[in-house]
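Before any comments, here is the structure.
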Amino acid sequence: MARKSTTYVCQQCGASSPKWSGRCDACGSWNTLSEEAQADSPPKGLGKGKGRKIDFVGLKGGEAPVPRRISGISEFDRVCGGGMVPGSALLVGGDPGIGKSTILLQVTGALSKGYRCAYISGEEAIDQVRMRATRLGISGASVELAAATNVRDIISSLDTADTPEVVVIDSIQTMFVDALDSAPGTVAQVRTSAQELIRLAKRRGFSLVLVGHVTKEGLIAGPRVLEHMVDTVLYFEGDRGHQFRILRAVKNRFGPTDEIGVFEMTDGGLMEVANPSALFLADHRDDVSGSCVFAGMEGSRPMLVEIQSLLAPSPMATPRRAVVGWDSARLAMVMAVLETRCGIQLSGNDVYLNVAGGLRVSEPAADLAVAAALISSLQEAPISQGTVVFGEIGLSGEIRPVGQTEARLKEALKLGFKRAIIPDRRRASNQSRKGIGESGLDVIEIGHLRDLPDVFGSAAQDARAPQAGR
Ligand code: TYD
Ligand code: MG
Numbered sequence: 001m002a003r004k005s006t007t008y009v010c011q012q013c014g015a016s017s018p019k020w021s022g023r024c025d026a027c028g029s030w031n032t033l034s035e036e037a038q039a040d041s042p043p044k045g046l047g048k049g050k051g052r053k054i055d056f057v058g059l060k061g062g063e064a065p066v067p068r069r070i071s072g073i074s075e076f077d078r079v080c081g082g083g084m085v086p087g088s089a090l091l092v093g094g095d096p097g098i099g100k101s102t103i104l105l106q107v108t109g110a111l112s113k114g115y116r117c118a119y120i121s122g123e124e125a126i127d128q129v130r131m132r133a134t135r136l137g138i139s140g141a142s143v144e145l146a147a148a149t150n151v152r153d154i155i156s157s158l159d160t161a162d163t164p165e166v167v168v169i170d171s172i173q174t175m176f177v178d179a180l181d182s183a184p185g186t187v188a189q190v191r192t193s194a195q196e197l198i199r200l201a202k203r204r205g206f207s208l209v210l211v212g213h214v215t216k217e218g219l220i221a222g223p224r225v226l227e228h229m230v231d232t233v234l235y236f237e238g239d240r241g242h243q244f245r246i247l248r249a250v251k252n253r254f255g256p257t258d259e260i261g262v263f264e265m266t267d268g269g270l271m272e273v274a275n276p277s278a279l280f281l282a283d284h285r286d287d288v289s290g291s292c293v294f295a296g297m298e299g300s301r302p303m304l305v306e307i308q309s310l311l312a313p314s315p316m317a318t319p320r321r322a323v324v325g326w327d328s329a330r331l332a333m334v335m336a337v338l339e340t341r342c343g344i345q346l347s348g349n350d351v352y353l354n355v356a357g358g359l360r361v362s363e364p365a366a367d368l369a370v371a372a373a374l375i376s377s378l379q380e381a382p383i384s385q386g387t388v389v390f391g392e393i394g395l396s397g398e399i400r401p402v403g404q405t406e407a408r409l410k411e412a413l414k415l416g417f418k419r420a421i422i423p424d425r426r427r428a429s430n431q432s433r434k435g436i437g438e439s440g441l442d443v444i445e446i447g448h449l450r451d452l453p454d455v456f457g458s459a460a461q462d463a464r465a466p467q468a469g470r
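Note that this note's numbering gives residue 156 to position 156 of the sequence shown, counting from 1, and the numbers run on in steps of one.
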């Protein structure tokens, strides 16, 4: 009989070690080791006994496309890759209070028109969920509601012939398997609970949605293993101070990643935002310096956002660099290129950079827009009205072409922009050259960063000309 032993499991990376230490040897994080009882030590090797023979089949199989369960909340459906897939597991992660329970209750409410849906809450009492449903105007929906945390009970209830088609577990950190000694929320519990639920979902063919909390480091609490176990991982993000909430697909076995859905938090729950660019640019004023509109892409969707910068003379030896919504290492790079390759002196200034609206931009294509915002702020010259900018900057100062030029220009035209500063088309591949000619915009192509100040030097003069008072 194997002896019951105790191991210490890192709550960050899932590595286990036989003795406690302050720092995890595997991932280097501090104070993340927690004691977990291990029921039996695993058998050595495979042990005795012959396995069952497995059957191999060809790649070609059922021709039918993956069936999808569509909620009708199109921002959500698109992020899932076109609806939820039967027998799949979806993980929705996000900070506390960001709106995970709200969106999932809305989605189950919408799905319940066509499918049997169950919503199992381990965090809120039935009455609390009902109150929320009333507030969201979906109290009439035929969602089966339960408050439970014991995975054994949940599985027994769901493992029947008429199991629901969509099951939401809110949240996986509150679930526990009574065979394990450790507390709910620990790695062992989260992992085992998820494993059992996912196995049942695959067997019974229901779409499983797991809600996962995010630690302050931004990982789904209970380690990354959870992300490997599920088919789709969505992150719900947003700034508490802003109305927008962004649902972002970071992993999807049934669709593209990098797809985002944009919602607005209102009194009546989360509303879809069909035209996010218009929302992000709502407060944009193009007669101030340091502001530049970046024509970006989020997944398959073009999105225009305003990048703002402010330069202020710094009294300190090491000036401040504060970045919100963009990568600070990339800002350092763009500034170094501006100084070294273009002779634009930024040192001695505190630099503040902000992506308006609480969006996080991760595309390198934003480099040129950031450079434009910095130059505009330095020269105190607004960039001309109705101009969008995009392009990647290389270390020698060259402007590199980026993908999906056509979609970006189209979106800019749709929102009433007149001019675009983009990478030189001679460098571009045929694909990204497509659509430049007939975009309907006044397209200015630049090949090197040093040409940028000239371009909007003239643009700024235009801005002061007739329509300056807009
Ligand atoms: P919730 O879905 O409970 O967040 P999570 O499950 O991610 O922890 O979201 C709660 C927040 O949303 C709370 O701060 C109040 C706000 N809210 C609204 O603004 N309007 C609404 O209609 C609802 C239901 C919530
Ligand atoms: Mg919640």
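Quick reminder that beta carbons are idealized off the backbone N, C-alpha and C, glycines included.
Residue i, DSSP secondary structure in three states
i	result
Asp442	strand
Pro276	helix
Glu237	strand
Lys414	helix
Pro184	coil
Ile393	strand
Pro423	strand
His242	coil
Arg23	strand
Glu380	coil
Val211	strand
Arg199	helix
Arg408	helix
Arg172	Per the sequence shown, the amino acid found at residue 172 is Ile instead of Arg. Looking at Ile172 - three-state DSSP - the assignment turns out to be helix.
Val230	coil
Leu353	strand
Val9	strand
Ala37	strand
Ser17	strand
Asn118	The sequence given here places Ala at residue 118; Asn does not occur at that position. Strand.
Residue i versus residue j - alpha carbon distance
i	j	result
Val262	Ser171	22 Å
Ala356	Pro276	12 Å
Asp451	Lys414	27 Å
Asp153	Ala147	11 Å
Val250	Pro423	28 Å
Ser432	His242	Because Ser432 sits at a pLDDT of 49, beneath the cut-off of 50, its placement in the model cannot be relied upon, and the point is left open.
Ser291	Ala366	13 Å
Gly348	Pro315	8 Å
Ile307	Gly83	33 Å
Thr339	Ala412	Sequence check: residue 339 is Glu here, not Thr. Looking at the two C-alpha atoms, the distance is approximately 30 Å.
Ala336	Leu409	28 Å
Val187	Cys10	8 Å
Thr149	Thr192	13 Å
Cys342	Ala295	24 Å
Glu165	Val107	13 Å
Val143	Ser207	14 Å
Gly94	Phe417	34 Å
Lys19	Tyr8	6 Å
Gly510	Gly109	The displayed coordinates of the chain run from 1 to 470. Any statement about residue 510 would go beyond what the structure contains.
Pro313	Thr102	45 Å
Pro364	Val85	33 Å
Gly81	Leu234	11 Å
Glu406	Ser439	7 Å
Leu226	Val92	11 Å
With 16 other Cβ atoms within 10 Å as the buried cut-off, status of residue i
i	result
Trp30	exposed
Arg330	buried
Pro302	buried
Pro96	exposed
Trp326	buried
Pro67	exposed
Val79	buried
Met131	exposed
Gln128	exposed
Pro65	exposed
Leu395	exposed
Phe244	buried
Gln12	buried
Residue-chain proximity (residue i, chain D), Cβ-Cβ < 9 Å
i	result
Arg245	The chain inventory of the structure shown lacks chain D, comprising one protein chain alone.
Residues that DSSP places opposite residue i in a beta bridge
i	result
Arg248	Tyr235 and Ile260
Thr387	Arg419
Glu398	His448
Item to check | Unbroken stretches of the beta strand (DSSP E), 3 residues or longer, contained in the segment 122-170 | outcome: 143-147 and 166-170
Next on the checklist: To test your reading of the DSSP string, which unbroken alpha helix (DSSP H) runs of 4 or more residues are found completely within the segment 63-97?
Outcome noted: 74-79
Next on the checklist: Threshold first: 4 residues or longer. Then list the alpha helix (DSSP H) segments lying entirely within the segment 254-342, N to C.
Outcome noted: 276-280 and 328-342
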